[in-house]
Every structure is written in structure tokens, then in C-alpha cells.
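This report concerns only the one structure given below.
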Amino acid sequence: MALHHGRSLSFPSSSHPAVSQFDDSLSRLRSSEATCSSLSSFNGKINGLRNLYESIDDLLLLSHIQQIVSEECVDDYIKLLDACSSVKDIISLAKQDLRDLLSAVRRKDVHGVNAYLSSRKKTKKMIQKSLKNLRRSAPATSENASMLKDAESVAISMLESLLSYVLGHESKRSLLSKLMHSKKVSDIENEFNKVESYLQLNQENELVNHIKEMDSDIQVVEEDLESIFRQLIKTRNAFALKHHKLVHSIINSILFHNQKTMALQHSRSLSLPSSSHPVVSQFNDNTAIIKRIAHMLECLLSYMLAHGSKRSFVSKLMHSKKVSDVENEFNKVESFLQLNKENELVNHIKEMDSDIQVVEEDLESIFRQLIKTRVSILNILNH
Numbered sequence: 001m002a003l004h005h006g007r008s009l010s011f012p013s014s015s016h017p018a019v020s021q022f023d024d025s026l027s028r029l030r031s032s033e034a035t036c037s038s039l040s041s042f043n044g045k046i047n048g049l050r051n052l053y054e055s056i057d058d059l060l061l062l063s064h065i066q067q068i069v070s071e072e073c074v075d076d077y078i079k080l081l082d083a084c085s086s087v088k089d090i091i092s093l094a095k096q097d098l099r100d101l102l103s104a105v106r107r108k109d110v111h112g113v114n115a116y117l118s119s120r121k122k123t124k125k126m127i128q129k130s131l132k133n134l135r136r137s138a139p140a141t142s143e144n145a146s147m148l149k150d151a152e153s154v155a156i157s158m159l160e161s162l163l164s165y166v167l168g169h170e171s172k173r174s175l176l177s178k179l180m181h182s183k184k185v186s187d188i189e190n191e192f193n194k195v196e197s198y199l200q201l202n203q204e205n206e207l208v209n210h211i212k213e214m215d216s217d218i219q220v221v222e223e224d225l226e227s228i229f230r231q232l233i234k235t236r237n238a239f240a241l242k243h244h245k246l247v248h249s250i251i252n253s254i255l256f257h258n259q260k261t262m263a264l265q266h267s268r269s270l271s272l273p274s275s276s277h278p279v280v281s282q283f284n285d286n287t288a289i290i291k292r293i294a295h296m297l298e299c300l301l302s303y304m305l306a307h308g309s310k311r312s313f314v315s316k317l318m319h320s321k322k323v324s325d326v327e328n329e330f331n332k333v334e335s336f337l338q339l340n341k342e343n344e345l346v347n348h349i350k351e352m353d354s355d356i357q358v359v360e361e362d363l364e365s366i367f368r369q370l371i372k373t374r375v376s377i378l379n380i381l382n383h
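Here the sequence shown is numbered in this note's numbering, starting from 1 and rising by one per residue.
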């Protein structure tokens, strides 16, 4: 991640409250990186990770942090977001499989049990694939690793640990060996392995009780993952908002590179200059700028769509009756409408109107510059 060459060059001093909060959260997470022995033991880790990214949101409020957030940083963050989404889906699938198995056992449905075993195999393949992707995306650590890189490393480690637990640590052979020698499923630590053990030993009552206990634990893990996923979305939109504040500088960059593109068009002879030519280098930089704009547009649309589901949104209103607890400005409009707060709604819309006007003008400016750049590129290709 091309965030900075040294932490002292890019981030505020360690005495800054935002940095202190980040360091404390990161330290607690790293001290708990030992392998978790149960589903419930992951709860603290996931909540700690959410706190870590809440502190990153505070860091992103600092102006000089906004200026050094690179495209590579955003790309890596999107990969983390995708990984969290995949793990969340796997946990949801595992929970549903266990519930289906419980129903099958109670009905003494052999086909239902076989369906669980078949689905479990597919889930394991999904987990193995996800683990490979996580290990490929794991950031390289260094003495001067950035804060965002540190957070990403801890997040990937936690997701990898959770997937490994759901996969089951012991091989099938060692699992069978342990059962043959002890006949005690309690000797098996992993809760998913215990399910298979109870099935193999036909211990129906124990299996039913175990799945009931697991169901509540896996439900909590699923909810915690949903919570950290929402926090990651919020942080991603914080990236987007910082990019929005840099919209004018992006437009100026496009204009500058557009001028270089025009220079390339007029200076070329029968062939393009070499790749080391400074004009060509500037021309190639357009790709990076366009990628950043594409990400900004995606985040802008996500923000307008609003983050929370309608159900969670209504729940928040019912519990607090405070629209100030609702962060998204478009959600606030709906909140004021539902609570019949006419004056607050009028004031809020007035504030939004100026912000939307600026965004609209910036988008129009970007659009015009992209059209100019497109024409220049086509002229070069058709020369």
C-alpha cells in the first residue's frame, strides 16, 4: 500500500486521540490472535475489529490523512470488504445447514442427513477457496507498515481464523482415530467436528442438544459479522467522502492530463513515443485517475442508496426517536417524514440542497473533462 514511507511522515503524533484509540484497539486484537477454541470466542475479536475501524473513521477526518489515501489503499480495502462478505455468506450457509440437519434428525429423515453431509462438503470447498483468496490478499508487513495496512492484516487474520474453525482443524482420519480410542465426543474441541462425530456414533440426543447450543453461538457470530460488514461499508464510504472533498483536485488532474494528451497528439510522428517519454507517462496516468473516479461514483451511489436496511432503520427510530442517530442524510429525510418533524425536515433539506448542488456541478465538470479526454484519445488512435 503506497500510503506513506514512514508512519511519522504521514500520520499525526502518537499523542493524537485518534491514533491512541487506533493503537489501543490494534494492540487488544493482536494480543487475542491465539487460535479460538469455540464459536463464542470469536465474538470479542469481531467486536474488537469493528472498534478498530471506527477509530479509522476518526483518522479519516484528519485533512492530511485524506490527502494520502491512495488508489491502491482503496483497492485493497475493497478486497477486504469482498472477503468479509464471503465469510458472512459462508457462516449464514453453515447456520442454515445445521438447522436443516436438526430438523432432519428430529424427523429421522435419512435423506435430510445425507443432504447435510453433501452440503457440508460443498461448504468446505467454498471455505478452502476463500482461504486461498485470503492468503493471497494478505498484506506484506514491514517495520513502517501503515495503520490501514496493520488493520487490514489483523482483519484478514481474523477472517482466516474463523474460516479455518468452520472448516474443522482435524483431519477425518485423526478424528476417527480419536473416536475409536475414547468414544467421547467431548474430547473433540471443534464444534463442527463434534456434529460429524455425533452423526458417526448415532448419538441422536447429544447431537440435537449440541446443535441447539451451536445455533445460538453461530447466530451471534453471524450478527457480529453483519455488524463489522456495515462498519466496513461505513469506512469505505468515508474513503468516498474524502475523495469527494478531493473532487476538484481530481478534475484539475484530469484537465492537466488532458492537456498532456493533446500534446501527445500534436507531437507524435509516424509512431508513438517510447513508454519512457514523459508525455506518454502522463497519458498512462489517466487510467489511474479514471479508476479513482469510478470508485468515487460507486461509493456515491451506495451512499444515496443508504446503508441500513429498512427494518434496521425503522428499529433505530423506534428505539431512539432521535433522527440524529441516523447517519445517512437520505435516511434522515425519511426519518423526519416518519416522525412528522416538519421544521427539522425543512432545515435538513436546505442543508442537503447546497451539498447536492456542489456534487452535481462537480460531476458535470468531470463529465465534460472525460468527454474531452475521450476525443483526444480517439484522435491519437485514428491519427
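Built from N, CA and C at the ideal position, the CB exists for glycine as well.
Cβ distance (whole Å) where residue i is taken to contact residue j below 8 Å
i: Leu-39; j: Asp-217; result: 4 Å
i: Ala-83; j: Leu-159; result: 6 Å
i: Asn-193; j: Gly-168; result: 5 Å
i: Phe-42; j: Leu-162; result: 6 Å
Proximal residues to residue i (C-beta, below 7 Å), its chain only, five neighbours per side dropped
i: Asp-24; result: none
i: Ser-227; result: Arg-50
i: Phe-229; result: Cys-84, Ser-85, Lys-88
i: Tyr-53; result: Ala-151, Gln-231, Leu-232, Thr-235
i: Leu-297; result: none
i: Leu-117; result: none
i: Arg-99; result: Asp-215
i: Phe-367; result: none
i: Lys-121; result: none
Simplified DSSP state of residue i, which is helix, strand or coil
i: Cys-36; result: coil
i: Glu-204; result: helix
i: Lys-129; result: helix
i: Leu-339; result: coil
i: Glu-189; result: coil
i: Asn-114; result: helix
i: Asn-209; result: helix
i: Asn-328; result: coil
i: Leu-62; result: coil
i: Ile-371; result: helix
Continuous alpha helix (DSSP H) stretch holding residue i: start and end
i: Gly-403; result: The requested residue 403 is not part of the displayed model; the chain covers only 1 to 383.
i: Arg-107; result: No alpha helix (DSSP H) contains Arg-107, which DSSP labels as neither H nor E.
i: Ser-146; result: Unbroken run through Ser-146: none, as it is neither H nor E.
i: Leu-29; result: 17-31
Sequence-distant residues of the same chain with beta carbon closer than 6 Å to residue i, five excluded per side
i: Gly-48; result: Arg-28, Leu-29
i: Val-154; result: Leu-29
i: Gln-128; result: none
i: Tyr-303; result: Asn-237
i: Ile-384; result: Limits of the chain in this structure are 1 at one end and 383 at the other, which puts residue 384 out of reach.
i: Glu-329; result: Met-352
Distance between residue j and residue i (C-alpha atoms, nearest Å)
i: Asn-340; j: Lys-332; result: 12 Å
i: Lys-156; j: Lys-79; result: The question names Lys, but residue 156 in the sequence shown is Ile. Their Cα atoms are separated by approximately 10 Å.
i: Asn-252; j: Asn-347; result: Residue placement at Asn-252 is flagged as unreliable, the pLDDT there being 47, under the threshold of 50; a coordinate-derived value is accordingly withheld.
i: Lys-149; j: Leu-370; result: 32 Å
i: Glu-189; j: Glu-206; result: 15 Å
i: Arg-135; j: Asp-355; result: 41 Å
i: Ile-90; j: Glu-196; result: 18 Å
i: Thr-261; j: Asp-76; result: The predicted model places Thr-261 with a pLDDT of 47, which falls under 50 and marks its position as unreliable; any figure quoted below should be read in that light. The alpha-carbon atoms of Thr-261 and Asp-76 are separated by roughly 29 Å.
i: Leu-305; j: Ile-349; result: 17 Å
i: Glu-191; j: Lys-132; result: 23 Å
i: Ser-55; j: Ser-32; result: 19 Å
i: Leu-60; j: Lys-125; result: 38 Å
Own chain partners of residue i with C-beta closer than 8 Å, once the 5 adjacent residues on each side are dropped
i: Lys-95; result: Asp-215, Ile-218, Gln-219, Glu-222
i: Lys-212; result: Leu-102
i: Ser-92; result: Glu-222
i: His-111; result: Ala-104
i: Val-208; result: Leu-102, Val-105, Arg-106
i: Thr-123; result: Ile-90, Leu-93, Ala-94, Asp-97, Val-166
Near the ligand ADP: residue i beta-carbon under 6 Å from a heavy atom
i: Val-166; result: Because no ligand of any kind appears in the structure shown, any question about the ligand ADP cannot be addressed here.
C-beta neighbour in chain B for residue i, strict 7 Å
i: Asp-24; result: This model lacks chain B altogether, as it is built from one protein chain only.
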